[in-house]
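**Student:**
So, in structure tokens, the structure goes:
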């Protein structure tokens, strides 16, 4: 693995110049994230964006509806890469995003509808790494056409939504589920991969 079994302690000496550079990078990254939060708050004054929400990438590609709430620590990453250039994040009116969310467009669009509930530790990723044998995964092109989530959807804690998922309005996704493909309107889904286990009814 290339990692010394003793770990960092006792094996590395403090190098002042390297430490100063590392601290400078951290400061600059923090300034960029604070600026991104301020820009979003200015553009969407009714939104609540926690002070420990990391906003990384092109803020102009983020659209927030009225009274969106994103609590931290969470990460909102709107960047292109891996050959994909379609990063875009839309979060609809009244949608709540809980702590430790990981919303990562990865070169593809993510659309979340109105009045959705994203509980703690929800991850949504818009694309995938290539995985063919004979080439390093990190070097392969990305693929995926993003994620679409309808209105009034509840993603319970630890839900993972992968590239290509299309979740119909009114759906409920149980905790610890992995969602891929199509989810019908008002479906109750559970498991990894998530399968329909019920249906919301009046």
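Numbering (my numbering), first residue to last: 12 to 213.
Glycine is no exception: its CB is placed at the ideal position from the N, C-alpha and C atoms.
Does the beta-carbon distance from residue 86 to residue 52 come in below 9 Å?
**Tutor:** On the chain shown, position 75 is the one that residue 86 refers to. On the chain shown, position 41 is the one that residue 52 refers to. Against a cut-off of 9 Å, the Cβ pair of residue 52 and residue 86 comes out as no contact.
**Student:** Mind checking which residues open and close the beta strand (DSSP E) that includes residue 173?
**Tutor:** As a working note, residue 173 is residue 162 in the chain shown. Here residue 173 belongs to no beta strand (DSSP E), and DSSP marks it neither H nor E.
**Student:** Please determine if the segment 124 to 134 and the segment 163 to 182 are in contact, where contact requires at least 3 C-beta pairs separated by less than 8 Å.
**Tutor:** Output reads yes: the segment 163 to 182 touches the segment 124 to 134.
**Student:** In angstroms, rounded to a whole number, what distance separates the CA positions of residue 174 and residue 160?
**Tutor:** Translated into the one-based positions of the chain shown, residue 174 becomes position 163. Translated into the one-based positions of the chain shown, residue 160 becomes position 149. Going by the C-alpha atoms only, they are around 12 Å apart.
**Student:** Please work out which residues of its chain come closer than 6 Å, Cβ to Cβ, to residue 182, disregarding the five sequence neighbours upstream and downstream, and give them in chain order.
**Tutor:** Working through the chain shown from its first residue, we reach residue 182 at position 171. So the qualifying residues of the chain are 164, 194, 198.
**Student:** Give the range of the beta strand (DSSP E) segment to which residue 70 is assigned.
**Tutor:** Counted from its first residue, the chain shown places residue 70 at position 59. Per DSSP, residue 70 belongs to no beta strand (DSSP E) and is neither H nor E.
**Student:** What does the alpha-carbon distance come out to for the pair residue 77 and residue 50?
**Tutor:** To locate residue 77, count along the chain shown from 1; it is residue 66. To locate residue 50, count along the chain shown from 1; it is residue 39. Approximately 16 Å, taken between the alpha carbons.
**Student:** Out of 26, 100, 46, 48, state which residue places its alpha-carbon closest to the alpha-carbon of residue 90.
**Tutor:** The residue you call residue 90 lines up with position 79 of the chain shown. When each option's Cα is compared against that of residue 90, the closest is 100.
**Student:** Anyone know if the C-beta pair for residue 208 and residue 170 falls short of 9 Å?
**Tutor:** If you number the chain shown from 1, residue 208 lands on position 197. If you number the chain shown from 1, residue 170 lands on position 159. No, they are not a contact pair.
**Student:** Which runs of the alpha helix (DSSP H) at least 4 residues long sit entirely within the segment 110 to 161? Give them in chain order.
**Tutor:** DSSP runs (the alpha helix (DSSP H)) wholly in the segment 110 to 161: none.
**Student:** By how many angstroms is the C-alpha of residue 179 removed from the C-alpha of residue 196?
**Tutor:** As a working note, residue 196 is residue 185 in the chain shown. As a working note, residue 179 is residue 168 in the chain shown. C-alpha separation (whole angstroms): 4 Å.
**Student:** Pull up the distance between the alpha-carbon of residue 172 and that of residue 185, whole angstroms please.
**Tutor:** Residue 172 sits at position 161 when you count from the first residue of the chain shown. Residue 185 sits at position 174 when you count from the first residue of the chain shown. C-alpha separation (whole angstroms): 12 Å.
**Student:** Rounded C-beta distance between residue 104 and residue 83? I'm assuming under 8 Å.
**Tutor:** The sequence position of residue 104 within the chain shown is 93, counting from 1. The sequence position of residue 83 within the chain shown is 72, counting from 1. Residue 104 to residue 83, Cβ: 21 Å. No contact.
**Student:** Can we count residue 164 as close to the ligand FMN, meaning its CB is less than 8 Å from some heavy atom?
**Tutor:** Of ligands this structure carries none, so the ligand FMN is not represented either.
**Student:** Is residue 47 helix, strand or coil when you go by DSSP?
**Tutor:** For the purposes of this step, residue 47 is taken as the residue at position 36 of the chain shown. Looking at residue 47 - three-state DSSP - the assignment turns out to be helix.
**Student:** Considering only C-alpha positions, which residue in the set 190, 155, 204 is nearest to residue 97?
**Tutor:** Sequence index remark: in the chain shown, residue 97 carries index 86 (1-based). When only C-alpha atoms are compared, the closest one is 155.
**Student:** Can you give the beta carbon distance from residue 192 to residue 152, rounded, assuming they're within the 8 Å contact cut?
**Tutor:** To locate residue 192, count along the chain shown from 1; it is residue 181. To locate residue 152, count along the chain shown from 1; it is residue 141. The Cβ separation is near 22 Å, so there is no contact.
**Student:** If you draw a straight line from the alpha carbon of residue 150 to that of residue 142, how long is it in whole angstroms?
**Tutor:** Position 139 of the chain shown, counted from the first residue, corresponds to residue 150. Position 131 of the chain shown, counted from the first residue, corresponds to residue 142. For residue 150 and residue 142, the distance between alpha carbons rounds to 10 Å.
**Student:** Spatial neighbours of residue 48 within its chain, please: CB distance less than 6 Å, with the 5 preceding and 5 following residues excluded, ordered by chain position.
**Tutor:** As a working mapping, residue 48 is identified with position 37 in the chain shown. So the qualifying residues of the chain are 60, 66.
**Student:** Mind checking residue 71: buried by the 16 CB within 10 Å criterion, or exposed?
**Tutor:** Walking along the chain shown from the start, residue 71 turns up at place 60. Counting Cβ neighbours within 10 Å, residue 71 comes out exposed, since fewer than 16 surround it.
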